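Participant: Residue numbers (the numbering used here): 324 to 853.
C-beta atoms are modelled at their ideal positions from N, C-alpha and C, and glycine is treated no differently.
Please read these numbers as outputs of a predicted model, since none were measured by experiment.
The structure that follows is given in the form of C-alpha cells.
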C-alpha cells in the first residue's frame, strides 16, 4: 500500500542545535510512503516496513522514524541515517500504532513531524489528507479525505458539539468526511478534533470579533448615560439604545461622536468600536428685575441664574424720592434697599416703585407712618402715610378701645414680629416718636423687646404691659442724627413679638430729648403702675 504524508523541511534558528527538537516549518516536502506488511500468526509479533522518497533539501543528511500507541506521543524512535526505508519489528497484532517521520541536518536539528500514519498491526493502515484545518469565527464547511485499504472499515467522531458531521460518518476503504463548523459567539478561539479510524484532524476556529462602546460626559452639568443592553463588549450587529438622563440641576444639551442631535435617546448598531459623548448643562432660570420711575434696580432687566446659585439686587431711589414698595413675584416685601435670591430653583420677578419724599406739615414735620394701617390724619392735622418703608414683620388691626389718647384709631393698627423701617429723610437731627399699645397681653413679661435707632439702642427690654397696662396708649420720643439719607429703626424681640403702632419723625428743634440709651416716655392719661 502506497501513502503520502507531509514532511516539513528544515528551518534555520540562528544556530539552534537542540537534539531531538523540531524546527519551524519553512516549506514542505511530500514523500511517498510504502508499507510492507510482514504478519505472523495471531498473538505473535508482526512487522511493517515504511518506505519514502528522499528529500530534495540539500541540507538533509538523515531521517528518523517515530512510532507508538498514542497519537503524537511516540514511545520509540529509529534513526535510519540517509536511507529512505525502515522496518519496524516486534509489533503486537491487533494493537494500533501511530507512525511519523522527521528529517535532520548535519547539526542533528530536526524538522517538524510529518503527517501521521495510523496502523493496526496485522490489519489496516489509515491516513488523512490533512492533520489540521482553520476556520473564521463565522464558521463554515470543510472536508477531509481518508486513505486506507479496501475493506478497511472506519468511523468518524467529533469531540465538540460545534463540529457537526454532515456526510459519511462511517464507511470502508478510501473515502471522505464532510462537516460544518458552527459560528463562534465568543471572543475566545477554540479547538476541536475530528477522529477518523483513530487518526485525528485538528480543527481551529477564531473567536468572534467584539466591539467596545465608550460612553463619555461633557459640560458643567450633571447626568447619566445608560446603554441597553449594557455590556463591556458587543458582538457585531448588536443594536444598542442609549438614554441620557440629566439630574434635577441640569439639562441634556445633545450628543456627539457616534450619536447626534438633542433627543435624550439614541440607537446605534455595533459594527466597529464606537465613542459617544453626552453633554449636560446646568439649568438656568431668569430673574426679571424692573424699576418704576424715579429709581433703579441693579442689575436690571433679565438676569440668568444657574440652578442652586444666588443673585443679589440693589434698589436705589432718585434724589428727592424714596422707595415706596418692592415686590418679589408680585408679593410685597416692603421698602427694602436690597434683596437676595438664594438657592434659585425657579424663575422670579423683582419690581420696585418709588414715591416723592413727603413735604412736612407743619413746618417741622419730616415723616409720619401708620404702622400696619392705612393713611390716617390725627387731631393735630398730621398726616400719617399708609404703612411702608418696612422689612419683615406682619400687620394687624384691632377694634378694642384704646385709652390714653385722643386718636385711638392711630393705635388700633400695628406691625409686629421682628422687623425694621428704613425711612428716607434728609441728613440732620430728628425727634422720633414711637407710639405703642399693649392689646394682646394682660400680664407682665409676655412681650419684651428692644428698639434701635441708627444702630443704637433707644428702648431696652421694653415691656409695654409693665409700662402702661393693657389697651393704653404710650409714646416714647428720642433724638437721632441721620447722615446717609435713611433713618433706620430696628425692632428686636426678646420674648414674644416686638410691636409698634405709629412712627412720627420731626426735625429736632432743641436739645436731645433723651440721654444716651434712653427714650423719653409720654402719656396723655395716667398709666398703670402695677
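Could you pull out every residue in the same chain whose Cβ sits closer than 7 Å to the Cβ of residue 360, ignoring the five residues on either side in sequence?
Facilitator: In this predicted model, residue 360 has a pLDDT of only 38, less than 50, meaning its place in the structure is not dependable; the value taken from the coordinates is given anyway. Once the five neighbours on either side are set aside, the close Cβ partners of residue 360 are 371.
Participant: Can you give me the Cβ contacts of residue 633 inside the same chain, cut-off strictly under 8 Å, excluding the 5 residues immediately before and after it?
Facilitator: 663, 664, 665, 666, 667
Participant: Just verifying my parser: in three-state terms, what is the DSSP assignment at residue 790?
Facilitator: helix
Participant: Return the CA-CA distance between residue 707 and residue 757, expressed in angstroms with no decimal places.
Facilitator: 13 Å
Participant: Who pairs with residue 779 in a beta bridge, going by DSSP?
Facilitator: The beta-bridge partner set that DSSP reports for residue 779 consists of 776.
Participant: Give every residue of the same chain whose Cβ lies closer than 6 Å to the Cβ of residue 457, excluding the five residues on either side of it in the sequence, and list them in chain order.
Facilitator: 527
Participant: Is the region 637-657 touching the region 579-586 in the sense that three or more CB pairs, one from each, lie closer than 8 Å?
Facilitator: no
Participant: Once the 5 residues before and after residue 739 are set aside, which same chain residues still bring their CB inside 7 Å of it?
Facilitator: 716, 717, 719, 820, 821, 822
Participant: Taking all protein chains shown into account, do 16 or more other C-beta atoms lie within 10 angstroms of the C-beta of residue 421, making it buried, or fewer, making it exposed?
Facilitator: buried
Participant: Measure the alpha-carbon distance for residue 802 versus residue 721 and round it to whole angstroms.
Facilitator: 30 Å
Participant: Do residue 407 and residue 386 have their C-beta atoms within less than 8 Å of each other?
Facilitator: yes
Participant: Going by DSSP in three states, residue 526 sits in which element: helix, strand or coil?
Facilitator: strand
Participant: Would you grab the beta carbon distance between residue 767 and residue 814 for me? Rounded to a whole angstrom, and I think it's under 8 Å.
Facilitator: The pair is not a contact, with the Cβ atoms about 19 Å apart (cut-off 8 Å).
Participant: Indicate the three-state DSSP secondary structure (helix, strand or coil) for residue 732 in the structure shown.
Facilitator: helix
Participant: Near residue 539, which residues of its chain fall below 6 Å by C-beta distance, leaving aside the five closest residues on each side in sequence?
Facilitator: 600
Participant: If contact is defined by three or more beta carbon pairs under 8 Å, each pair taking one atom from either stretch, is the region 543-553 in contact with the region 492-509?
Facilitator: no
Participant: Applying the criterion that 16 or more other CB atoms from any shown protein chain within 10 Å of the CB defines a buried residue, is residue 710 buried or exposed?
Facilitator: buried
Participant: For residue 623, which three-state DSSP category applies?
Facilitator: In the structure shown, residue 623 sits in coil (DSSP, three-state: anything other than H, G, I, E or B).
Participant: Helix or strand or just coil, what does DSSP make of residue 708?
Facilitator: strand
Participant: Could you give the DSSP three-state label for residue 414: helix, strand or coil?
Facilitator: strand
Participant: Applying the criterion that 16 or more other CB atoms from any shown protein chain within 10 Å of the CB defines a buried residue, is residue 375 buried or exposed?
Facilitator: buried
Participant: At which residues does the beta strand (DSSP E) containing residue 604 begin and terminate?
Facilitator: 597-605
Participant: Kindly list the residues whose CB is nearer than 6 Å to the CB of residue 776, restricted to its own chain and excluding five residues on each side of it in sequence; keep chain order.
Facilitator: 803, 812
Participant: Between the region 646-653 and the region 669-681, do at least 3 Cβ pairs fall closer than 8 Å?
Facilitator: By the criterion of at least three beta-carbon pairs nearer than 8 Å, the region 646-653 is in contact with the region 669-681.
Participant: How big is the Cα-Cα spacing for residue 562 and residue 533?
Facilitator: About 13 Å.
Participant: Considering only their Cβ atoms, is the gap separating residue 438 from residue 454 smaller than 8 Å?
Facilitator: yes
Participant: Compare the C-alpha of residue 513 against each of 460, 553, 480 and name the closest.
Facilitator: The residue among 460, 553, 480 with its C-alpha nearest the C-alpha of residue 513 is 460.
Participant: Is DSSP giving residue 716 helix, strand or coil here?
Facilitator: Residue 716: strand per DSSP, three-state reduction.
Participant: Specify, as a first and last residue, the run of the beta strand (DSSP E) that residue 589 falls within.
Facilitator: 588-593
Participant: With burial defined as no fewer than 16 other Cβ atoms inside 10 Å of the residue's Cβ, what is the status of residue 723: buried or exposed?
Facilitator: exposed
Participant: In whole angstroms, what is the alpha-carbon distance linking residue 395 and residue 424?
Facilitator: Going from the Cα of residue 395 to the Cα of residue 424 covers about 11 Å.
Participant: Do the CB positions of residue 773 and residue 782 come within less than 8 Å of each other?
Facilitator: yes
Participant: Considering only the beta carbon of each residue, do residue 499 and residue 523 sit closer than 8 Å?
Facilitator: no
Participant: Roughly how many whole angstroms lie between the Cα atoms of residue 824 and residue 691?
Facilitator: Taking the straight line from one Cα to the other gives about 11 Å.
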